[in-house]
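Using the numbering used here, read the sequence shown as starting at 1012 and increasing by one per residue. Every residue gets a Cβ at the ideal spot worked out from N, C-alpha and C, and that includes glycine. Below is one structure; the comments refer to it alone.
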Amino acid sequence: MTKLNRFQETMIAPIKAGSIGRVELYDLSKDLGQKNNIAKDNPEITARLKKQMEEIFTTVMSEAPDW
1012 MTKLNRFQET
1022 MIAPIKAGSI
1032 GRVELYDLSK
1042 DLGQKNNIAK
1052 DNPEITARLK
1062 KQMEEIFTTV
1072 MSEAPDW
């Protein structure tokens, strides 16, 4: 049985090949429970934040060692 709470070298390639998928957006000043995803109602904000996340992800993965 494989323990899922420890690092597995076989996961390096899938992690580095990953991408930002579905993006959710919540107004935490009105929706602390994160029940109402407002991403579709705010496409400009959603696109801007997704782009920022993709840039950060790319930078982190390019600088990450091969463990």
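Helix or strand or just coil, what does DSSP make of E1035?
Here residue 1035 refers to the residue found at position 24 when the sequence shown is read from its first residue. It is coil, neither helix nor strand.
Ignore the nearest five residues each way along the sequence and tell me which others in V1034's own chain have a CB closer than 8 Å to its CB.
Counting from 1 along the sequence shown, the entry for residue 1034 is found at position 23. Cβ neighbours of V1034 beyond the five flanking positions: A1050, T1057, L1060, K1061 and M1064.
Take V1071 as the anchor and find which of G1029, P1054 and N1048 has the nearest alpha-carbon.
The residue you call residue 1071 lines up with position 60 of the sequence shown. That would be G1029, whose Cα lies nearest to the Cα of V1071.
What's the gap between the Cα of L1015 and the Cα of P1076?
Residue numbering aside, residue 1015 sits at position 4 when the sequence shown is read from its first letter. Residue numbering aside, residue 1076 sits at position 65 when the sequence shown is read from its first letter. Their Cα atoms are separated by approximately 21 Å.
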